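First the structure, in the form of structure tokens, and then the observations on it.
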Amino acid sequence: MSVDRRYYLINGYDLTGMDCDKLKDWKWTDEGEDYFCYQRKGKIQLFDDPMSGTYLYFGYILGAGDQYEFETVKIDSEEVVRSRGYVEAELIKLQELGVITKDPKFIPKLELIMFEECS
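Just add 1164 to the spot in the sequence shown (first one is 1) and you have this note's numbering.
And the structure:
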């Protein structure tokens, strides 16, 4: 059995623990698949750790690659700033859909997150 490794740099949120029970079934709907199945540069996606489920990240993909190909990516600071608004709007949409917790005490922190995803 082989393990595929993918690498991402996103401008987004660590939503670990903020998902609702609805997310598990919703992710397999057409709308849910739009957030989980298009993990390439320029897309806003959810990442839920397919191996162990230890994280839930959400954000705009600034760079992506795998163990075979990872091109050098130069990211203009304007792209980081511009993507912030897109990600914030999409998070509100997910909260309205009931797949991410809508809790007034939850104030997500927008961060640059770089991670490896194995499947």
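Ideal Cβ positions, reconstructed from N, Cα and C, are used throughout, including at glycine.
Values in this document were obtained by computation on a predicted structure and should not be read as measured data.
For residue 1259, the first and last residue of its enclosing beta strand (DSSP E): For the purposes of this step, residue 1259 is taken as residue 95 along the sequence shown, with counting starting at 1. Counting along the chain, residue 1259 falls outside any beta strand (DSSP E), though it belongs to the alpha helix (DSSP H) covering 1241-1261.
Does DSSP put residue 1276 in a helix, a strand or coil? Position 112 of the sequence shown, counting from 1, holds the residue named residue 1276. Strand, per DSSP.
So the beta strand (DSSP E) residue 1211 belongs to, where does it begin and stop? Sequence index remark: in the sequence shown, residue 1211 carries index 47 (1-based). Taken as a continuous stretch (DSSP letters only), the beta strand (DSSP E) holding residue 1211 covers 1208-1211.
Across which residues does DSSP place residue 1169 in a beta bridge pair? If you number the sequence shown from 1, residue 1169 lands on position 5. Residue 1169 pairs with 1282.
Given this structure, state the Cα-to-Cα distance separating residue 1275 from residue 1176, to the nearest angstrom. Here residue 1275 refers to the residue found at position 111 when the sequence shown is read from its first residue. Here residue 1176 refers to the residue found at position 12 when the sequence shown is read from its first residue. Each residue's CA atom was taken as its position, placing residue 1275 and residue 1176 some 5 Å apart.
Residues bridged to residue 1225 [DSSP beta-bridge criterion]: Numbered from 1 along the sequence shown, position 61 holds the residue referred to as residue 1225. Answer by DSSP bridge pairing, in chain order: 1174.
Is residue 1191 closer than 7 Å to residue 1262 when the C-beta atoms are compared? One-based indexing of the sequence shown puts residue 1262 at position 98. One-based indexing of the sequence shown puts residue 1191 at position 27. Taking C-beta atoms as the reference points, residue 1262 and residue 1191 fail to come closer than 7 Å.
Express the C-alpha separation of residue 1266 and residue 1260 in angstroms, rounding to a whole number. If you number the sequence shown from 1, residue 1260 lands on position 96. If you number the sequence shown from 1, residue 1266 lands on position 102. In this structure, the alpha-carbon of residue 1260 lies about 8 Å from that of residue 1266.
Cβ of residue 1210 within 7 Å of Cβ of residue 1199? For this step, residue 1210 is matched to residue 46 along the sequence shown. For this step, residue 1199 is matched to residue 35 along the sequence shown. Result yes, Cβ atoms of residue 1210 and residue 1199 sit closer than 7 Å.
Start-to-end residues for the alpha helix (DSSP H) that takes in residue 1186: Numbered from its first residue, the sequence shown carries residue 1186 at position 22. Counting along the chain, the alpha helix (DSSP H) containing residue 1186 begins and ends at 1186-1190.
With respect to the alpha helix (DSSP H) encompassing residue 1200, which residues constitute its N-terminal and C-terminal limits? Translated into positions along the sequence shown, residue 1200 becomes position 36. Unbroken alpha helix (DSSP H) run through residue 1200: 1194-1200.
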